[in-house]
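Structure record follows, encoded as structure tokens.
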Amino acid sequence: MNLFALILAPLESAGLDYMVSGSVAAMNYGEPRLTNDIDLVLALPAASLGKLEAAFPEDLYYRAPTEILETELARALRGHTNIIHHETGFRADIYFRAKDPLHQWAWSRRNRYEVDDGLEAWFAPPEYVILRKLEYYQEGRSEKHLSDIRAMLDQGDLASLTQSPLIADWAATLGVVDVWNRFLQ
28 MNLFALILAP LESAGLDYMV SGSVAAMNYG EPRLTNDIDL VLALPAASLG
78 KLEAAFPEDL YYRAPTEILE TELARALRGH TNIIHHETGF RADIYFRAKD
128 PLHQWAWSRR NRYEVDDGLE AWFAPPEYVI LRKLEYYQEG RSEKHLSDIR
178 AMLDQGDLAS LTQSPLIADW AATLGVVDVW NRFLQ
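Here the sequence shown stands for residues 28 to 212, where the numbers follow our numbering.
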């Protein structure tokens, strides 16, 4: 059973607009590692909340009550919820796109990849994944984020991102330029 499909297939079937980020995206661009969840950025107008609820029925998934989802959707930044598959315990951490400028930048640069036999999904661009991993490292100092970045940059076609002015500019905007510069040393 592909655990990622437990979350991605309902999103695809419902026609919800999303992108995979976090460790699953880092694995797609780098190397596999164990993870117990999938991080997603979801563009969900409040009027489409019913589509999310229908895609993840309560008999199969835990999801926050409608009132909580409405509150999280209303946040300009960092709106967040979880969806958990009851049978497996597999979790999706969902961050709402809202007005986050980095989400806005990444959206038009998403990439489509196959994740399971015939199931394709939208993935955040590698630059976005690196920048968010720098933020998460700065917040919690977990080395897994730097390891994910290293694995991504060790791929021949992504190695040039170490010289990317785009990453350097966003790192400055996000306040993680010191972490990025230390990482590059």
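Backbone N, C-alpha and C define an ideal beta-carbon position, used for all residues, glycine too. Quick caveat: nothing in here was measured; it's all calculated off a predicted structure.
For Phe150, the enclosing beta strand (DSSP E) covers residues Leu146 to Phe150. If you draw a straight line from the Cα of Leu146 to the Cα of Ala52, it comes to about 15 Å. Ranked by how close their Cα comes to the Cα of Tyr122, the residues Leu61, Asn109 and Phe150 have Asn109 in first place.
Residue ranges of uninterrupted alpha helix (DSSP H) with 4 or more members, entirely inside the stretch 87-121 and ordered along the chain, are 93-101.
By a beta-carbon distance limit of 8 Å, Met179 does not contact Leu173. Their separation comes to about 11 Å. Glu154 is classed as buried because its beta carbon has at least 16 other beta carbons within 10 Å across all chains shown.
Distances from the alpha-carbon of Ser48 to those of Thr62, Pro37, Ser40 and Gly42 put Thr62 closest.
For Leu79, the enclosing alpha helix (DSSP H) covers residues Leu76 to Ala82.
Residue pairing by DSSP puts Glu141 in a beta bridge opposite Glu147. By the CB criterion at 8 Å, His107 and Tyr88 fall outside the cutoff.
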